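Numbering (the working numbering), first residue to last: 21 to 210. For each residue, glycine too, the CB sits at the ideal point set by N, CA and C. None of the values given here were measured: they were computed from a predicted structure. Working notes, structure below.
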Amino acid sequence: MNRGDTSSPTHDGKGRTRPLLSWVVGISTLLEWSGRLVAAVCLAFMFCALLVNVILRYAFGSGIAWAYEIHALLLPWLVAGGIVIAAARGRNISITLMPDMLSPNSRRLLLLAVNVTIVVISLSVLESSWPILKASKFQALSTLGIKQIWGYSSLVYAFIGMAIIALVDIIRALAGEDIHDAGPERASLS
Numbered sequence: 021m022n023r024g025d026t027s028s029p030t031h032d033g034k035g036r037t038r039p040l041l042s043w044v045v046g047i048s049t050l051l052e053w054s055g056r057l058v059a060a061v062c063l064a065f066m067f068c069a070l071l072v073n074v075i076l077r078y079a080f081g082s083g084i085a086w087a088y089e090i091h092a093l094l095l096p097w098l099v100a101g102g103i104v105i106a107a108a109r110g111r112n113i114s115i116t117l118m119p120d121m122l123s124p125n126s127r128r129l130l131l132l133a134v135n136v137t138i139v140v141i142s143l144s145v146l147e148s149s150w151p152i153l154k155a156s157k158f159q160a161l162s163t164l165g166i167k168q169i170w171g172y173s174s175l176v177y178a179f180i181g182m183a184i185i186a187l188v189d190i191i192r193a194l195a196g197e198d199i200h201d202a203g204p205e206r207a208s209l210s
């Protein structure tokens, strides 16, 4: 067996691992982990702030004022982290009836078109959100004094993440991989 002929774990032991595809899939995996980290930190911090606030309110009759505002910053980041995780796993809301009925080549063309559309929409949202981001530099939360840009910048993270993941899927599809995994563990139950 030659050095490059090792079986690919992403292909269930079939074929060789392609270095470029391994690197590209690694980008998607890295984005998924960043989404997990963002979501976990936001959720943990919001839960702790809310818990401490409730305990203080019941124990001393008054809580911490900023506990009500922190959610305005962290909730958008929690949602953005979830969006990136769902996009990386291919578990965002989708209707798979048409791809399931197509041949592999037709399905690949359809999924290429869908991913190109995702890239175009993501970049369009980013471009159109610049006025909002610029305006949010001048808006501050009343108690914390933190600028709103920190919450709105989650838009940039979410849509850049989606665009990069769609580009990864485009590269994988052009390389001949079937990016539409119709296995029962990935099927939507909705």
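Separation of the CB atoms of V44 and V188 is rounded to 5 angstroms, and the pair is thereby assigned contact status at 8 angstroms. Secondary structure note for I138: its alpha helix (DSSP H) is the uninterrupted segment P124 to S156. Shown here for V176: same chain residues with a beta carbon closer than 7 angstroms to its own, the five before and five after excluded, namely L146 in chain order. For secondary structure counted as the alpha helix (DSSP H) over 4 or more consecutive residues, the region 89-121 holds these complete runs in sequence order: 90-109 and 117-121. By the criterion of a C-beta distance shorter than 8 angstroms, I103 is surrounded in its chain by G55, N112, A178, G181 and M182, once the five residues flanking it on both sides are discounted. Under the three-state reduction of DSSP, A160 is assigned to strand.
In the DSSP annotation of this structure, the continuous segment of the alpha helix (DSSP H) that includes W43 starts and ends at P39 to F80. The continuous alpha helix (DSSP H) containing G181 extends over residues I169 to L194.
Between F158 and L98, the alpha-carbon positions lie close to 23 angstroms from each other. A193 and L131 do touch by the CB rule: their CB atoms are close to 6 angstroms apart, below 8 angstroms.
Around S174, the same chain offers P96, W97, V99 and A100 as residues with beta carbons nearer than 8 angstroms, after the five sequence neighbours per side are excluded. Around the beta carbon of Y172, a 10 Å sphere encloses 16 or more other beta carbons of the protein chains shown; the residue is thus reported as buried. Here the C-alpha atom of E89 lies approximately 21 angstroms from the C-alpha atom of L57.
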